[in-house]
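Heads up: the sequence shown runs through residues -24 to -1, 1 to 261, numbered per mature numbering (1 follows the signal peptide of the UniProt record, and there is no 0). From the three backbone atoms N, C-alpha and C, an ideal C-beta is built for every residue, glycine too. Predicted model only: the values in this text are computed from it and were never measured. Here the structure comes first, spelled out in structure tokens, and everything after it is commentary.
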Amino acid sequence: MRLASISSILLSVAALSVNTDATAGSTAQDWAKITTPTQESSQSIGSYTSGCISGAATLPLDGQGYQVMRLSRHRYYGHPNLIGFIQHLGRFSAEQKRGSLLIGDLGQPRGGPTLSGHRSHQSGLDVDIWFLLSEQASNRQLTANERETWSAPSVVDMQNDTIDYRHWSLDQAKVLEAAARQPEVDRIFVNPSIKQELCTTKSAGAGEWLRKIRPWWKHDDHFHVRLKCPPHSPHCDSQEPLPAGDGCDASLAWWFSAEAKAPSKNVPLPPPPLPALCEQLLRRP
């Protein structure tokens, strides 16, 4: 892999890492204290890793084909496009009898940096969805304790870089495909072994949706969906365009190299300052 590409990846690693640092006058603690969205039109502001959201919508904690997990984290807010995407994918999973989706983090009521877990998920356009398709959750409402204590098993044999078929089936593949086929989806992060599995089993015409499935470190027990900047959000910063092709090429092979697996010795870059509009948004009633 070219040096420029490696540098780009290392910069992105910092963008998905944990953030508890101060950012341009406000801190993650400040954003975590906010319990309500602003009452105005919905706009995503800034970038996925340094941004916020005005007028965020709340994802209902239970819906057709999905249930929200880790309620204590208070991260079930996002742009209405994100809420609609999750509800659509839940209906697909239910109608196709794939199992109930277990929804992890979206974002905070006004987005912004979090105390733990992510440096992304800041502008209301990211969501984590577990690979565990729960039959129990398809038949009943999970208890508050179950939502806090359940964990998703890895679907990857990490020692051999292969899929663990005890926890993976066609159902997970079809849910990923359905998610990637939605026009509002920009990309979906999965473990490289999952991307390899999808490349191995791809059918004719899969290139366009498969292109959106991007290999990334970890992401072996959940997938991370990122939506495009929505219309009427002029201050939303888009991510760089995806490379051409379906991603089932030498760029995927790199993820299984010693270089990719070596522990990074780079000091994570400090987070960029939040946009001034976010600092203003934080202080609104």
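Residue i, buried or exposed, once every other Cβ within 10 Å from all chains shown has been counted against 16
| i | result |
| --- | --- |
| K73 | exposed |
| P168 | buried |
| D(-4) | With a pLDDT of 38 at D(-4), under the threshold of 50, the modelled position of this residue cannot be trusted; read the value that follows with caution. Exposed, by the Cβ-count rule. |
| T(-2) | Since pLDDT at T(-2) reaches only 41, below the 50 mark, its modelled position is unreliable, and no value is offered. |
| N57 | buried |
| K188 | buried |
| G22 | buried |
| T125 | exposed |
| R116 | exposed |
| E173 | buried |
| V44 | buried |
| residue 266 | Absent from the model: residue 266. The displayed extent of the chain is -24 to 261, so no value can be given. |
| H208 | exposed |
| L146 | exposed |
| S18 | buried |
| T90 | buried |
| residue 262 | Residue 262 is absent from the model: the chain starts at -24 and stops at 261. |
| Q112 | exposed |
| Q84 | buried |
| P210 | exposed |
| P261 | exposed |
| P246 | exposed |
Selection from the options that minimises the alpha carbon distance to residue i
| i | options | result |
| --- | --- | --- |
| A238 | P247, R260, G223, W193 | W193 |
| D102 | V201, T90, S2 | V201 |
| A33 | E255, G54, C212 | G54 |
| C175 | Q158, R163, W144, L228 | L228 |
| A128 | E184, H198, E71 | H198 |
| A234 | D137, L35, G39, F107 | D137 |
| L253 | A236, S20, H97 | S20 |
| A182 | W144, G221, V161 | G221 |
| S96 | A4, L257, L218, N242 | A4 |
| A156 | A236, N242, F68, S240 | F68 |
| residue 264 | T11, V161, L37 | Examination of residue 264 is not possible in this model, given that the chain is present from -24 through 261 alone. |
| Q144 | P206, L108, E184 | Position check: residue 144 holds Trp in this sequence, whereas Gln was assumed. Nearest option by C-alpha distance: L108. |
| P219 | A70, R260, E184 | E184 |
| A70 | H94, F61, S114 | S114 |
C-beta contact flag for residue i and residue j at 8 Å
| i | j | result |
| --- | --- | --- |
| L77 | I105 | yes |
| I139 | R86 | no |
| C212 | S99 | yes |
| P13 | G41 | no |
| G80 | S110 | no |
| R163 | R142 | no |
| F232 | H195 | no |
| S92 | L250 | no |
| W7 | G66 | no |
| Y24 | Q215 | yes |
| D35 | L82 | Checking the sequence, you will find Leu at residue 35 rather than Asp. Contact flag set, yes. |
| G39 | Q15 | no |
| I10 | L258 | yes |
Below-8 Å beta-carbon distance, residue i vs any chain C residue
| i | result |
| --- | --- |
| L203 | In summary, chain C is missing from the structure at hand, where a single protein chain is found. |
If you scan the region 97 to 143 from start to end, which runs of the alpha helix (DSSP H) of 4 or more residues do you find wholly inside it? Every alpha helix (DSSP H) of 4 residues or more that sits fully in the region 97 to 143 is shown, in chain order, as 111 to 115, 120 to 125.
Could you pull out every unbroken alpha helix (DSSP H) segment of at least 4 residues lying fully inside the region 1 to 89, listed in chain order? With a minimum length of 4 residues, the continuous alpha helix (DSSP H) runs that stay inside the region 1 to 89 are 4 to 9, 56 to 71.
Uninterrupted beta strand (DSSP E) stretches inside the region 189 to 245 (no shorter than 3 residues): For the region 189 to 245, the full-length beta strand (DSSP E) segments reaching 3 residues or more read 189 to 191, 198 to 203 along the chain.
Between the region 124 to 138 and the region 154 to 169, do three or more beta carbon pairs fall short of 8 Å? The region 124 to 138 makes contact with the region 154 to 169; the number of CB pairs closer than 8 Å reaches 3 or more.
Does the region 141 to 152 come into contact with the region 114 to 124, if we say contact requires no fewer than three beta-carbon pairs (one atom in each stretch) closer than 8 Å? Because the criterion of three Cβ pairs below 8 Å is not met, the region 141 to 152 and the region 114 to 124 do not touch.
Is it a yes or a no for the region 40 to 51 touching the region 214 to 229, going by three-plus beta-carbon pairs under 8 Å? Touching, no.
Which full runs of the alpha helix (DSSP H) of 4+ residues lie inside the region 155 to 191, going along the chain? Look at the region 155 to 191 and you find these whole runs of alpha helix (DSSP H), each 4 residues long or longer: 168 to 176, 183 to 186.
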